[in-house]
Structures are given as C-alpha cells and as structure tokens.
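Residue numbers (numbering that gives the first Met the number 0), protein chains in the order written: chain A, 0 to 376; chain B, 0 to 288.
Encoded as structure tokens, the structure appears first; notes follow it.
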Amino acid sequence: MTVETAATRSTTPGASSGSGPGSGPGFAARVAERAGAGGPVVSILIPVLAVVAALAVGGVLIAFDGSNPLSVYREIVSAVLTGNRGFSDTATAATPLILIGLGYAIAYRARVFTIGGEGQYLIGALAGTAWVTGAGLRDLPRWPLILSGVVVATLAGAAWSGLAGWLGVRFGANVVISSLMLVYIADSALAWGVRDGIRDPESFVNQSRQIGRASLPELPGTTTHIGFAIAIAIVPLAAVLMARHRGGFRITAYGHNPSALDANEVSNRTVIILVMVIAGALAGLAGIVETTGVNGRLGAQASVGFGFQAIIVALLGRLNPVGVGIAGLGMAGLTIGFESAQREFDLPSSLVGVITALIVVFVVVGDALAGRARGDR
Amino acid sequence: MDVIFKLATLEAAIRLGVPVALAALGALVSERTGVLNLGLEGMMLSGALGGYAANEATGSAWLGVLAGTLIGAGCGAILALLVVTARANQVVTGIAFTLLALSATTYLFQLRYSIGGIPPRVNRLDMTPLVLLTLACVAALWFLFNRTTLGLAMGAVGEAPEAADALGYKVERLRWIATMIGGGLAGLGGAALVCGPLGLFIENVTAGRGWVALALVVFAGWKPGAAVAGAILFGLCDAVQLRLQGTATDVPYEAFLALPYVVTLVALVLRARASRTPAALGVPYVRGM
Chain A
0 MTVETAATRS
10 TTPGASSGSG
20 PGSGPGFAAR
30 VAERAGAGGP
40 VVSILIPVLA
50 VVAALAVGGV
60 LIAFDGSNPL
70 SVYREIVSAV
80 LTGNRGFSDT
90 ATAATPLILI
100 GLGYAIAYRA
110 RVFTIGGEGQ
120 YLIGALAGTA
130 WVTGAGLRDL
140 PRWPLILSGV
150 VVATLAGAAW
160 SGLAGWLGVR
170 FGANVVISSL
180 MLVYIADSAL
190 AWGVRDGIRD
200 PESFVNQSRQ
210 IGRASLPELP
220 GTTTHIGFAI
230 AIAIVPLAAV
240 LMARHRGGFR
250 ITAYGHNPSA
260 LDANEVSNRT
270 VIILVMVIAG
280 ALAGLAGIVE
290 TTGVNGRLGA
300 QASVGFGFQA
310 IIVALLGRLN
320 PVGVGIAGLG
330 MAGLTIGFES
340 AQREFDLPSS
350 LVGVITALIV
360 VFVVVGDALA
370 GRARGDR
Chain B
0 MDVIFKLATL
10 EAAIRLGVPV
20 ALAALGALVS
30 ERTGVLNLGL
40 EGMMLSGALG
50 GYAANEATGS
60 AWLGVLAGTL
70 IGAGCGAILA
80 LLVVTARANQ
90 VVTGIAFTLL
100 ALSATTYLFQ
110 LRYSIGGIPP
120 RVNRLDMTPL
130 VLLTLACVAA
140 LWFLFNRTTL
150 GLAMGAVGEA
160 PEAADALGYK
170 VERLRWIATM
180 IGGGLAGLGG
190 AALVCGPLGL
200 FIENVTAGRG
210 WVALALVVFA
220 GWKPGAAVAG
230 AILFGLCDAV
240 QLRLQGTATD
250 VPYEAFLALP
260 YVVTLVALVL
270 RARASRTPAA
280 LGVPYVRGM
C-alpha cells in the first residue's frame with residue numbers, strides 16, 4: 000500500500016501525542032500500529048532505487064541516441080553544481096514543484112487523489128495577474144501590491160480546488176476526474192484571459208500587461224526570486240501541520256481509516272474539502288510567484304506542466320514535506336542540468352520527461368513489491 | 000441552437016465520439032471486475048501512436064487499428080501486473096502510467112519523426128466501419144456480461160470477490176483478462192482517433208479523452224450502451240464547439256473550448272450518486288482476508 004507506508008514516520012508522533020478529545024488512546028494506538036508496517040529505511044530506499052533505475056534506463060536511451068550516458072550525466076551534474084547560475088536556476092525551477100507537491104502530499108495523505116494542480120496553478124496565475132495588473136491596483140506601492148496579489152492567487156487556487164472537493168463530498172463525484180476536468184476548463188479560462196480579459200492592449204500577441212511593480216525581488220546574491228524562500232518556509236509548516244496539529248492528525252487518520260474518523264465524530268467531508276483547499280492554495284501561490292518571479296507577465300503558454308510534474312515530486316518525496324522539498328530540488332536539478340546537456344549532446348528534449356516519469360513508475364513498483372514482501376494487503 | 004441539428008454537426012459528433020466511446024467501453028470492462036484503470040488516457044495515447052506507426056509502416060489503416068489494439072492490451076497487461084498481481088495502489092499506479100505514456104509517446108514520436116521534418120499523413124478509414132466496430136463492441140460486451148458465464152463471473156468478481164473466490168472463480172485471472180480487454184479497447188480508441196478521419200498523430204493527441212471516458216463510465220452507470228450514448232454526447236459538445244468557434248458570437252470562443260469538459264463534469268456530478276458502482280472497485284483482492 001503505497002501511501003500508507005509513506006505516511007509512516009510522521010504519523011507516529013502525531014498519534015502518540017494524544018490528539019485531543021474525540022480520539023481516545025485506543026484509536027491513536029490503532030492508527031500508529033497500522034502505520035508501523037513499513038520501516039523508514041524501506042521508505043527512503045525505494046525512491047533512491049527508483050531514481051537509480053530510471054537513470055539507468057535513461058542511460059540506455061541516451062546510448063541508443065548515440066551519446067555517452069556518463070558524459071551526459073556528468074554534464075547534468077556540473078551544469079547544476081558549477082557556479083551561482085546552476086544553483087539559482089535550480090532553486091527557481093524547484094519553487095512551483097515544491098509548492099504544488101506539498102499540496103499533493105497533504106491531500107494524498109488523506110487519500111484524496113487530486114491531480115488538478117495544473118488548473119489551480121493557472122487559475123492562481125490568472126487571478127493574481129489580473130489583480131496586480133488591474134486598473135488602479137497596479138499603481139499600489141510595491142509590497143501591498145505583491146502581497147495582495149499573492150492573497151488573490153492563493154484564494155483563487157483554493158476555490159478552484161475546493162470546488163472539486165465539494166463536488167466530491169456533495170455529489171460523490173470522483174475527485175481524480177473532476178479535478179482534471181477543471182484543468183481543461185482553467186486552460187480555456189487562461190486562453191480567454193490573455194486574449195481578451197486581461198490582455199495588454201499594446202501587445203500584438205495574446206498576453207497580459209507586464210506585472211511591473213509586482214515583480215518579486217531576488218534573494219540576495221542569487222538570481223532566484225523570493226518565492227523559493229516561501230516554498231522552503233512552507234516545508235516545515237506542512238510538516239508540523241501533518242505531524243502534530245490536530246488537523247494534521249485528522250488528515251492522516253482519515254487516510255488510514257475513514258470510518259474510524261466518522262466514529263470519532265470528525266467530519267470526513269471537512270477533511271476532504273480542507274485538504275483540497277490547502278492543495279489548491281499552494282498551487283495558486285505557485286502560479287502567481289512563477290508569474291511575478293520568473294515570467295514577468297502571463298502568456299498563452301503559461302501551462303508548462305508543473306502541476307503534473309509535482310505529482311511525481313509528491314510521490315517521490317514519500318508524501319513527506321521534507322522529502323517533497325528534496326524531490327522538488329532533485330527534479331528541478333535534473334531538468335536544468337538536462338537543458339544544458341541537451342544542447343551539448345543534441346538529445347531529444349522529451350527524454351527528461353521519460354526519465355522523470357520512469358522514476359514515479361519505479362517508486363510505485365517498489366512500493367508494491369515491498370508491500371507484497373511484507374505480506375500486507 | 001440550430002447548429003446542433005445540422006447533419007454535418009451530427010456527423011462530427013459521431014466522428015469525435017467514437018474514440019471516446021471505445022475507451023469508455025475499455026474502462027467499463029475492467030471496472031466491472033473491480034479494477035479502476037486510471038491509466039486509460041495513457042493506453043489510448045499508446046494505442047494512438049502504435050496505430051499511427053503501424054499504419055505509416057504498412058500503409059494499411061486496418062493494420063494500424065489492430066496494432067493500436069494490441070499495444071493497448073499490452074499496456075493493460077502491465078497495469079494488471081502492477082495492480083492485480085503486485086496489488087499496487089490503483090489510483091497512483093494509473094496516474095503514473097498515464098504520465099509515463101504521455102512522455103514516452105512524445106519521446107518516441109520526436110525520435111522517429113521530428114528529425115526528418117513534417118510527420119506524414121497516414122491512410123484514413125471512413126467512419127462507417129469504425130461506427131460498426133464500436134456497435135459490435137457494445138453488442139459483444141452486452142452479450143458477455145449478460146449471457147455468458149465468463150461475464151457473470153467477471154461481474155461477481157467486481158461485486159464480491161470473496162464470494163466469487165469461494166465459488167471457485169479465479170479472481171486474479173478474471174481481473175487480468177478484463178484489464179487486458181479494457182486496455183485493448185482503449186488502444187483501439189486511440190488508434191481509431193489517428194487512423195480515422197484525422198490521419199495524423201500529434202503530441203498528446205488524445206487531449207484528455209481517456210479521462211473523459213472514465214467520467215462517462217460513471218455517468219453511464221457501468222452500462223455499455225449508455226457509455227456509448229454518453230460518448231456521442233461528448234462528441235456533440237466537441238462538434239458544436241468546433242463549429243461555433245468559427246462564428247462570431249457574444250460568447251468568447253474559449254467558453255466553447257471548455258464546453259465538452261464542463262458537460263463531462265456536470266454529467267459526472269449528476270450521476271455519481273445515482274449509478275451503482277461495483278462494490279469492490281479499486282480494492283485489491285487478497286485471499287483469506
């Protein structure tokens with residue numbers, strides 16, 4: 000059982016700290032016991048082996064393409080590790096992956112399988128950009144403008160995701176499918192926004208105005224915007240939320256045994272909507288910081304698939320916030336390094352996508368095999 | 000509204016609906032035995048690329064359709080190995096499979112065709128044989144589930160695997176068969192898309208139709224005929240959307256782009272509670288639990 004093993008480590012402290020009234024010690028012990036099936040060693044070993052296996056397959060594909068895999072991988076590593084540029088680019092690329100990935104991790108812990116991060120990201124970017132480029136608003140002083148834009152984007156993402164959650168609890172609509180349908184609808188909303196709604200009247204192509212004063216400052220000594228610092232700061236917050244807070248306990252408890260939570264008079268519906276709203280808020284935040292930190296304006300090609308790559312990041316990070324942070328940086332490093340290697344060795348640009356997708360498939364396979372070896376489920 | 004009733008629109012509705020209908024039938028077969036196939040989009044896409052490549056290599060659109068079906072069935076076998084035999088989480092595995100298929104088809108396509116320039120158009124099939132093929136699949140599935148021991152056993156495995164096992168039916172084997180048939184139908188749907196009137200493969204050519212098909216199965220209450228009707232409804236929205244894009248209206252054309260997905264979402268919402276989900280859907284089966 001993929002997700003339950005992943006939840007192992009931070010469930011236990013939450014459960015043993017006696018999570019307030021409504022969940023007696025017996026219940027907490029049961030959850031802890033259930034979660035204790037896999038060890039932390041296996042939990043870390045599986046993603047590491049998955050990465051190694053995916054890189055090995057990737058190496059075969061690179062060799063098939065006529066390049067030396069070792070030189071290509073050496074180029075990837077040196078492009079990331081050499082100089083400020085590699086670090087800065089990696090951190091910048093990791094920012095949306097970590098933010099959206101944390102949201103997925105929280106939702107998947109509760110066994111709410113949303114895959115709609117891409118749509119929430121776009122809606123966040125659209126609403127946030129509309130706000131910071133809006134008439135009257137764009138003349139606000141810098142920080143009020145940035146902060147209000149972030150709030151608008153976060154709320155918009157949360158609402159878009161919360162809608163899928165609400166349709167799930169109110170009508171029983173499968174969240175996997177409804178969250179994905181909302182991606183396509185968000186895509187259309189973006190297309191309308193940049194063509195008409197918030198289009199830059201001066202521009203010949205479909206895009207918003209420049210975000211101007213809402214542009215995010217860079218971290219001192221780097222070319223990375225402060226959105227990266229925000230993403231990193233949210234990692235421990237998410238860890239605390241999942242491990243210690245009652246809400247976090249509810250989330251993991253719901254993931255393990257929805258009916259037990261019912262018996263303890265905690266509403267399942269609340270948990271589902273809560274995790275969907277958190278996931279959407281983080282994706283919406285990713286949308287606006289990518290726009291104000293990197294792109295400078297919203298264009299028709301804003302959908303680049305961070306919302307899907309972040310699924311891989313969340314699973315590779317074992318639905319553990321720190322793991323998501325590491326996985327996000329790793330994925331970003333691979334992407335940034337590959338861009339450089341691709342130029343040098345003339346590789347197909349889609350190869351890196353195959354490698355990252357293989358990683359997640361191998362994680363899934365590894366979990367299944369480990370679960371099978373343990374004899375549970 | 001009269002755009003809906005034009006013959007050309009209805010024709011387009013069927014053309015756009017048939018691939019989705021085939022994929023929905025595929026999802027339905029495996030779901031009836033309790034296997035939720037969220038890799039459907041990826042299987043459709045794999046079948047589409049396989050069908051295109053075989054069509055281009057042999058010059059025969061029918062061989063393309065056959066190749067797409069076989070590749071889809073192969074994808075189904077991979078999924079069955081993971082979720083039935085190894086009992087991996089069905090939701091996560093399906094999503095992972097689709098992500099892999101999306102990048103792998105893009106990679107293979109780029110490898111084969113981008114270097115030499117524009118990918119060629121391939122031989123195209125008329126809609127008539129494809130429609131007949133779809134109807135034959137509906138009839139076959141109806142017959143399977145209502146008139147054969149195999150089909151009834153499949154249904155039993157999806158509703159009460161313990162009971163089916165106690166009666167001597169092989170739960171894992173039946174789920175394997177259903178997942179492979181389902182994958183084959185999804186691959187057929189993908190191949191029908193590219194070897195049909197389109198005659199072309201492009202990156203992510205299925206554009207979410209596999210996911211739409213999954214929603215339609217819920218809408219259809221796991222009934223083959225209703226699933227096809229739902230797919231034609233989706234095709235109709237898609238056709239109307241394509242037609243209205245060209246005409247000047249007060250409504251922005253992007254609203255029409257979103258229309259098929261909005262309708263799918265609404266259909267999912269309206270029918271989610273009313274339709275009877277197979278009781279063991281998504282639950283791996285372990286003997287003696």
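Built from N, CA and C at the ideal position, the CB exists for glycine as well.
These numbers come from a predicted model, not from an experiment.
In whole angstroms, what is the alpha-carbon distance linking residue i and residue j?
| i | j | result |
| --- | --- | --- |
| residue 140 (chain B) | residue 28 (chain B) | 8 Å |
| residue 340 (chain A) | residue 76 (chain A) | 9 Å |
| residue 200 (chain B) | residue 216 (chain A) | 43 Å |
| residue 132 (chain A) | residue 186 (chain A) | 20 Å |
| residue 282 (chain A) | residue 184 (chain B) | 35 Å |
| residue 154 (chain A) | residue 287 (chain A) | 11 Å |
| residue 17 (chain B) | residue 82 (chain A) | 54 Å |
| residue 205 (chain A) | residue 137 (chain B) | 44 Å |
| residue 160 (chain A) | residue 177 (chain A) | 10 Å |
| residue 157 (chain B) | residue 216 (chain B) | 15 Å |
| residue 284 (chain A) | residue 163 (chain A) | 18 Å |
| residue 260 (chain B) | residue 220 (chain B) | 19 Å |
| residue 299 (chain A) | residue 66 (chain A) | 35 Å |
| residue 107 (chain A) | residue 318 (chain A) | 7 Å |
| residue 362 (chain A) | residue 334 (chain A) | 19 Å |
| residue 130 (chain B) | residue 154 (chain B) | 26 Å |
| residue 5 (chain B) | residue 273 (chain B) | 33 Å |
| residue 190 (chain B) | residue 47 (chain B) | 4 Å |
| residue 226 (chain A) | residue 139 (chain A) | 20 Å |
For residue i, which residues from the same chain have a beta carbon less than 7 Å from its beta carbon, with the 5 sequence-adjacent residues on both sides left out?
| i | result |
| --- | --- |
| residue 214 (chain A) | 291, 295 |
| residue 175 (chain A) | 112, 114 |
| residue 178 (chain B) | 29, 34, 36, 75, 78, 79, 83 |
| residue 343 (chain A) | 74 |
| residue 193 (chain A) | 205, 206, 207, 297, 298, 299 |
| residue 168 (chain A) | 268, 271, 272 |
| residue 23 (chain A) | Any reading at residue 23 (chain A) must be qualified, since the residue scores a pLDDT of 39, below 50, and its modelled position is unreliable; the value itself is stated next. Result list for residue 23 (chain A): empty, nothing under 7 Å. |
Going by beta carbon distance, what residues of the same chain come within less than 6 Å of residue i, once the five residues before and after it are set aside?
| i | result |
| --- | --- |
| residue 50 (chain A) | 358 |
| residue 94 (chain B) | 37 |
| residue 172 (chain A) | 166 |
| residue 49 (chain B) | 66, 67, 70 |
| residue 328 (chain A) | 93 |
| residue 258 (chain B) | 236, 240 |
| residue 202 (chain B) | 105 |
| residue 100 (chain B) | 41, 44, 45 |
Given residue i, which residues of its chain have a CB within under 8 Å of its CB, disregarding the five upstream and five downstream residues?
| i | result |
| --- | --- |
| residue 293 (chain A) | 91, 224 |
| residue 234 (chain A) | 97, 101, 320, 321, 323, 324 |
| residue 269 (chain B) | 218 |
| residue 262 (chain B) | 232, 233, 236 |
| residue 126 (chain B) | 10, 13, 14, 17, 195, 196 |
Would you call the region 19-38 of chain B in contact with the region 229-242 of chain B, where contact means no fewer than 3 C-beta pairs closer than 8 Å?
yes
The region 65-78 of chain B touching the region 3-20 of chain B, judged by at least three CB pairs closer than 8 Å:
no
Residues of the region 193-207 of chain B whose Cβ lies closer than 9 Å to any Cβ of chain A, in chain order
202, 206, 207
For the region 326-352 of chain A, list every residue whose C-beta sits within 9 Å of some C-beta in chain B, in sequence order.
347, 348, 349, 350, 351, 352
Please specify which runs of the alpha helix (DSSP H), each continuous and at least 4 residues long, are wholly inside the region 174-257 of chain A, giving them in chain order.
174-191, 226-242, 245-255
Residues of the region 258-274 of chain B in Cβ contact with chain A at a cutoff of 7 Å, in chain order, please.
260, 261, 263, 264, 267, 268, 271, 272
Taking 8 Å as the cut-off, does the region 97-107 of chain A touch the region 123-142 of chain A (at least 3 CB pairs, one atom from each stretch)?
no
Residues of the region 71-95 of chain B with a CB closer than 7 Å to any CB of chain A: list them in chain order, please.
81, 85, 86, 87, 88, 90, 91, 92, 94, 95
At 4 residues or longer, what runs of the alpha helix (DSSP H) sit wholly inside the region 37-99 of chain A?
39-63, 68-80
Contacting positions in the region 158-177 of chain A - beta carbon closer than 8 Å to chain B
166, 170, 171, 172, 173, 175, 176, 177
Short of 7 Å Cβ to Cβ, which residues in the region 295-309 of chain A face chain B?
307
Where in the region 56-100 of chain B do unbroken runs of the alpha helix (DSSP H), each at least 4 residues long, occur, reported from the N-terminal end onward?
60-79
Which ranges would you report for the alpha helix (DSSP H) in the region 165-198 of chain B if only whole runs of at least 4 residues count?
170-192
Would you be able to state if there are at least three C-beta pairs under 8 Å between the region 159-175 of chain B and the region 43-63 of chain B?
no
Pick out the complete beta strand (DSSP E) segments inside the region 206-249 of chain B, 3 residues or longer, and give them in chain order.
none
In chain order, which continuous runs of the alpha helix (DSSP H) of length 4 or greater are located wholly inside the region 100-164 of chain B?
126-146, 148-158
Name, going along the chain, the residues of the region 148-169 of chain B whose beta-carbon falls closer than 8 Å to a beta-carbon of chain A.
none
Taking a Cβ distance cut-off of 9 Å, strictly less, list which residues of the region 76-110 of chain A are near chain B, in chain order.
107, 110
Whole runs of the beta strand (DSSP E) within the region 300-332 of chain A, excluding any shorter than 3 residues:
none
Quick check for students: name the residue ranges of the beta strand (DSSP E) that lie wholly in the region 332-358 of chain A, counting only runs of 3 or more.
none
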